[in-house]
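Heads up, the sequence shown is in my numbering, so the first residue is 1442 and it goes up one at a time. Here a beta-carbon is modelled for each residue, glycine too, at the ideal position from N, C-alpha and C. The structure presented is a predicted model; accordingly, all values stated were derived computationally and were not measured. Each remark here refers to the structure printed beneath this line.
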Amino acid sequence: MKKTLVLCGFCLLAIAVLFTATDPKAVPSFMLVFPFLLFFVLLLSLIALLLQKRGWSIGRSLRIGMLCAGIPLIMLILQSIGQLTLKDVLTIAALFAVSYFYMSRASVSS
1442 MKKTLVLCGF
1452 CLLAIAVLFT
1462 ATDPKAVPSF
1472 MLVFPFLLFF
1482 VLLLSLIALL
1492 LQKRGWSIGR
1502 SLRIGMLCAG
1512 IPLIMLILQS
1522 IGQLTLKDVL
1532 TIAALFAVSY
1542 FYMSRASVSS
């Protein structure tokens, strides 16, 4: 738990530094991916921590955490490039439902 909180703190600090100390027009294009990666790690660790507190196993909480952290990240990426529409949201919701059903069935059978 302490490692997770330290990781969350590091991600928040790194995101704050990237947003305040860099100019998106002046940095190389690969540096523009780092805030999204840090945001994903932050969401994943927070969701996995909350699910573990509720009694879920580590593996299952990480799998569900990856799924739940990926959805807002995909929507954020689409919004940042100006491509987020209602069709995209409905498609992502349908993919989430199918993926969650598949993961829940796979963990029950194993």
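*Write down the C-beta distance between Ile1533 and Ile1512 rounded to the nearest angstrom, noting that I regard them as a contact closer than 8 Å.*
Rounded to whole angstroms, the Cβ separation of Ile1533 and Ile1512 is 6 Å, and the two are in contact under 8 Å.
*State yes or no: is the C-beta of Leu1483 within less than 8 Å of the C-beta of Cys1449?*
yes
_Residue range of the unbroken alpha helix (DSSP H) whose run includes Arg1501_ = Arg1501 -> alpha helix (DSSP H) spans 1499 to 1521.
*Just reading off the alpha helix (DSSP H) that Leu1491 is part of, what are its end residues?*
1475 to 1494
*Other residues of its chain near Ala1457: CB distance less than 6 Å, five sequence neighbours each side excluded*: none
*asked:* My output table needs one value for Met1544: the three-state DSSP class, helix, strand or coil.
replied: helix
*Check the C-beta distance from Leu1531 over to Ala1510 and give it rounded, since I have them as a contact under 8 Å.*
Leu1531 to Ala1510, Cβ: 20 Å. No contact.
*Less than 8 Å separating the beta-carbons of Pro1465 and Leu1453?*
no
*What are the boundary residues of the alpha helix (DSSP H) that Thr1526 is part of?*
No alpha helix (DSSP H) holds Thr1526; DSSP gives it neither H nor E.
*Where do the ends of the alpha helix (DSSP H) carrying Thr1463 lie?*
Element bounds for Thr1463: n/a, residue is neither H nor E.
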